[in-house]
Each structure stands twice: as structure tokens, then as C-alpha cells.
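Protein chains in written order, with our numbering: chain G, 1 to 253; chain E, 1001 to 1253. In this text, a Cβ means the ideal position worked out from N, Cα and C, and glycines have one as well.
2 protein chains.
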Amino acid sequence: MSDILPFEKPRRRSRPVRVADAIKDWVVEQRLSAGDRLPGETEMIERFGMSKGTIREAMRILEAQGLIETRTGPGGGSFVKEPSAERARALLGNYFYFKTLTIADIYALRRALEPDLAASLAGRLDAEALEGLREIVDSYARPAASMEEERDQHVASLAFHARLAAHAENPLLGFMIGFMAQILSDLTVDRRLYTPPNPELWERGRGYQMRLLEALRDGDAETARATMRAHMETAQTLMMDQEAEVLSRFMAE
Amino acid sequence: MSDILPFEKPRRRSRPVRVADAIKDWVVEQRLSAGDRLPGETEMIERFGMSKGTIREAMRILEAQGLIETRTGPGGGSFVKEPSAERARALLGNYFYFKTLTIADIYALRRALEPDLAASLAGRLDAEALEGLREIVDSYARPAASMEEERDQHVASLAFHARLAAHAENPLLGFMIGFMAQILSDLTVDRRLYTPPNPELWERGRGYQMRLLEALRDGDAETARATMRAHMETAQTLMMDQEAEVLSRFMAE
DNA sequence: TAAGATTTGTTCGTATGTATC
DNA sequence: GGATACATACGAACAAATCTT
């Protein structure tokens, strides 16, 4: 993986890092796939001529990247693993932790991508999938009775999109949308983006989701796309109002 | 960061992983930012009551995530670090290594996002930025004389988009586009997606890039958007032809 | 340039924990 | 339950990098 924008100073890499890279390359060369076993610690120690500690640090590096999994006991060892979407989201989240993302930034992408997702899913979800989505939407059918419930409803509403994304045929599209839902969910919770409640907009948003489900069931791609587009508009408005509210609360303190 | 789609079995987490998480939480609590120094190994050993090896493994976990950087010597130690875009791309790349992404998958997103990027950049690039982009486009002004040059030209053409993405005001949009350029660059190189040459389409693509630069210089957002959209069409056609070629080469073997 | 101080980097031996048979 | 095969963890010593004087 040579880099397309060649920066980052080539500082001296420690042994564990070099070992981790070597193992990664080896796995690729050997065409190992998820579940395949890697050589044990003792064999690694011999093969690389390094101490146990160094090898273990290397394994931890791979583990942190979600690439291996390690088990103790007989038949144990390290195994190649496909990184979970959850871990990939977390790792990418680290990158954005240091950036300032506005609601507008995120919605610029949601508006561009989610309508396509909706269209691509029309007529392709089975009854079970539709039922699961329906349950989520139903979970916020009635107004929240408390702040906590308000928050949970907002999170659930984002989980609706994450769930939809999980059904995407295009893995890239699915991941990106799931990732945005995750970020928004995190932002919603720790910046209290669920207050003040805005029942009218909220209800409109839920209405769009229900109509979207119908269009998906009926295989009507264009209605699904248009509905999602409209939904994104109201959702963005809702969240930007709340973002502004957060700012003014912040300044008032 | 509670998860929006709560899966993944809660297997027993090893000490280094727990220590790494604890340190991460501590950094957030203390509101440390990039460049700030973490406690040294010896202090960690005391604070956590764990051995040096365990602490070091924890540090390696954080390092692998691009969150810290460690230096030896006086004044050395571990320092909070903002993960580089490069590392974030690599980590996310691990996730997609196990997925099968088609050219069509990637272009579905490029078509949806890059025109927006182009429009958002109109009139916002300084002379230096425009010059840098111009140089890239010029680097493939004449037909490639060899396979290697053909490959390099394709990579450079993708670097044009990566460079553009680096100027994005929206960090999310910028990252996503840069990431796709990276994936395509990798695919291009290791699946030889630069053959057979298709001079006509290639030249049209380059023409779009030049017209795009003019529109960006002139601050004409709508022309920039339309030009990028057209460019994406021809680029997709070019690459899908080559992807098909790869498949038939593969089957012929 | 050289010496010394500081901090991480690496090794090795040993002991413990854990899952399988 | 006991033996076996693995990873996990500890501690002490030494090596290497880098800053200061």
C-alpha cells in the first residue's frame, strides 16, 4: 500500500512495529483468511529471533487494528480476523475526534448518500428486515416522557439509519452511512443534541421513515429516494436548531 | 462511545487492552490534546500496579491506533497525537481488505460526492494550490511511453483527486474522497487496472480536469460541479473497462 | 567531542492463568 | 480431575536513543 500523498516523516520504527508489518505481509502472501491460525509465540520467537515481549507487542498492534484475535489454551493462539464494522468505526472515529465536524458537514454527506442507499434497497429487503426497521420506528411512536427517553429516541432514530446501512449491497456506502449514524449518535448523547424537543419536526421525520418503509416494501426506488431526501432535510434542520441551542447554552454559562 | 448497533461478543479483555482504554479515557477526561505528554512508563507501572511489559503492550495498542507517539531520551516519553489521515486511511483500508469492493461500488460514492467537493472549492483555492494541481495534471500531458509510466500516470491522476480532497473545508467529505482515491490507487497498482491503455478516454478525463481547474480558479461552482460529474462518468467507464479486462485475463489463465 | 543523565527498548527466566482432552 | 498446550504476566537486568553540559 504505497501512499498516494507521500508525507509523514519516516521515523525509526521499533521492532514490534516491524514485526507486526512483517506478519501482516506474510498473511497477505500466504493468502490466509479469517479464522486461519498464525504461528504460536514460541515459533515467532524463533522465526524472528526476538524475545517474547517483542513478539507480544507486535501481536497487540495487530489486535488493536482488529486484524487478529488471540485465545489461550490448547488449540489456542492467534487467528486472522476480519475487523468488525464496529471496530472500523471506532478507529475512524479516533481520527475525527481531533477534527471539528459540524452538523452541516455531516449532513452534506448524508444528503448526498442516503437517498442513493434508500433507492438501492427498494424491493430488496425481506419481511424480517422490514419488520426490524418497523420496530425501531415504532419505538418512538409516542412522545418522550422524560429527557432520557428523548435521548433514547434520538439514538434509536439514528439506529434506524445504521440498520438500513447494514443492508446495503455496496459495502463502502453501507459503512459510510453507518459511520455517520454512529458519529451523530455520539454527538447527540454527549452534546445533548436532543434538547429542546421539537415535536413537530420530530413527527415529520418519523412520518418520512414510515413512508420510506412502505416504498422499500413496494420496491418503489424513486419514492424511496425522494422520501429519504426529504427526511434528510428535516433531520438536518432539527439537528442544526439543536446544535445552535447547544452553542447558546454554552455561551450563556 | 456506546454503540449504535450493539453486537460483538463481550469476550474477556486482557490487561493491556484495559490499560489502553483507561489511558484513553484519562486523556479525554484531562482534556489533553495533541503534543501533551503522558506519564512515563515507571509512573504507569506504579499507577496501574502492573508490570512494564503490560504497560508497554498498552502503549503499543494506542500507538497502533495512531493516538500516541513515543520518543526515547530525556524529555522523551509518550505524547498524545492526532492520528494522521494516512493512518486513518490505512486502518479503514484493513476493514475493506476483507470486503469485495467493485469499481461500481466506489464510483457510486465518487459520483455522489466529488461534484459537491468541486463546487465547494470553487474560488477558494489560492494560486499555490491551483499551481500544485496544475502540475499534477501536466505530469500526464503526454502519452505514457511504458507500462510503468502508464501506471504512474493513473496513480497521479488519482493523486489529483486526493490533493483536491485535502483542500476540502468539510473534513468528512475530504477524508472520504481521499480514502477512495487511495483505494483506487491501490487497486490500480496491484490489479494492473491501468491496462490496456485507452488513450481517447484518458485524454477526455484529463480535459475535464483542466476545465475543472479553470472553473475553480474562476469561482464558477456550477461549472466545477458539472465538469466533475462528467469527469466521474468517463473515469468510471475507463476503470470498469479495465476491471472487466482484468477478469477476462484472470479467466484466460 | 565526550561524558553523563534520562527515558524508552529489549531480553530472559520464571510463574501463573486458561481452555481442551 | 489431571495432564497438556497454549497465552498471560511479572521482575530484574541490560541496551539503545537522545538530550544536556
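Query, Result
"When we look at the beta-carbon of G:THR54 and count the other beta-carbons within 10 Å, is it buried (16 or more) or exposed?", "buried"
"Under a Cβ-count criterion, where at least 16 other Cβ atoms within 10 Å of its own Cβ denotes burial, should G:LYS52 be classed as buried or exposed?", "exposed"
"One question on the structure: do G:ALA181 and E:ILE1177 come within less than 8 Å of each other, judged by their Cβ atoms?", "no"
"Anyone know if the C-beta pair for G:LEU117 and G:LEU173 falls short of 8 Å?", "yes"
"Listed from N- to C-terminal order along the chain, which residues in the region 1028 to 1049 of chain E have their beta-carbon within a distance smaller than 7 Å of any beta-carbon of chain G?", "ALA1034"
"Using alpha carbons as the reference points, say which of G:ASP21, G:ALA162, G:ARG229 and G:GLU57 lies closest to E:GLU1090.", "Sequence inspection shows Ala at residue 1090 of chain E; the Glu mentioned does not correspond to that position. For E:ALA1090, the nearest C-alpha among the options comes from G:ASP21."
"Output, in chain order, the set of chain G residues within a Cβ distance shorter than 9 Å of E:ASP994.", "Given that chain E is displayed from residue 1001 to residue 1253, the structure contains no residue 994 of chain E and the question cannot be resolved."
"In the DSSP assignment, find the alpha helix (DSSP H) that holds E:ARG1015 and state where it starts and stops.", "1015 to 1029"
"Can you tell which of G:ARG12, G:VAL80 and G:PRO74 has the C-alpha that lies nearest to the C-alpha of G:TRP26?", "G:VAL80"
"According to DSSP, is G:THR70 part of a helix, a strand, or is it coil?", "strand"
"Which partner residues does E:GLY1077 have in the DSSP bridge list?", "E:ARG1071"
"Which residue or residues does DSSP assign as beta-bridge partners of G:ARG37?", "G:PHE79"
"Hey, is the region 98 to 109 of chain G in contact with the region 1160 to 1171 of chain E, meaning 3+ C-beta pairs nearer than 8 Å?", "yes"
"Could you tell me the distance, in whole angstroms, from the CA atom of G:ALA156 to the CA atom of G:TYR95?", "25 Å"
"Just mark G:ALA235 as buried or exposed, buried being the case when its beta carbon has 16 or more other beta carbons within 10 Å.", "buried"
"Leaving aside the five residues before and after E:LEU1109 along the sequence, list all residues of the same chain whose C-beta is less than 8 Å from its C-beta, in chain order.", "MET1176 and MET1180"
"Can you find at least 3 beta carbon pairs, one from the region 120 to 133 of chain G and one from the region 205 to 225 of chain G, that sit closer than 8 Å?", "yes"
"Return the residue from the list E:ARG1204, E:TYR1194, E:THR1223 and E:GLU1203 that minimises the CA-CA distance to E:ALA1244.", "E:TYR1194"
"Mark E:ALA1224 as exposed unless 16 or more other C-beta atoms lie within 10 angstroms of its C-beta, in which case mark it buried.", "buried"
"Output yes if chain E places a C-beta closer than 8 Å to the C-beta of G:TYR194; else output no.", "no"
"Below 8 Å on the Cβ atoms is my guess for G:ALA159 versus G:ILE136; work out the distance and round it to an integer in Å.", "6 Å"
"Quick one: list the residues of chain G neighbouring E:TYR1140, beta-carbon separation under 8 Å, in chain order.", "What E:TYR1140 touches in chain G: nothing, since even the nearest Cβ is about 15 Å away."
"Alpha carbon to alpha carbon, how far is G:ARG206 from E:ILE1023? Give it in angstroms, no decimals.", "40 Å"
"Does DSSP put G:LEU187 in a helix, a strand or coil?", "helix"
"Residues in the same chain with beta-carbon distance under 6 Å from E:ARG1211, minus the five sequence neighbours each way, listed in chain order, please.", "THR1227"
"Could you work out which residues of chain G lie near E:GLU1057, taking near to mean beta carbons separated by less than 7 Å?", "ARG56, GLU57 and ARG60"
"What residue range does the alpha helix (DSSP H) around G:GLN153 cover?", "147 to 166"
"Please report the distance separating the alpha-carbon of G:LYS188 from that of G:ASP241.", "With the sequence shown as reference, residue 188 of chain G is identified as Thr, and Lys is not the correct amino acid for it. Approximately 13 Å between the Cα atoms of the pair."
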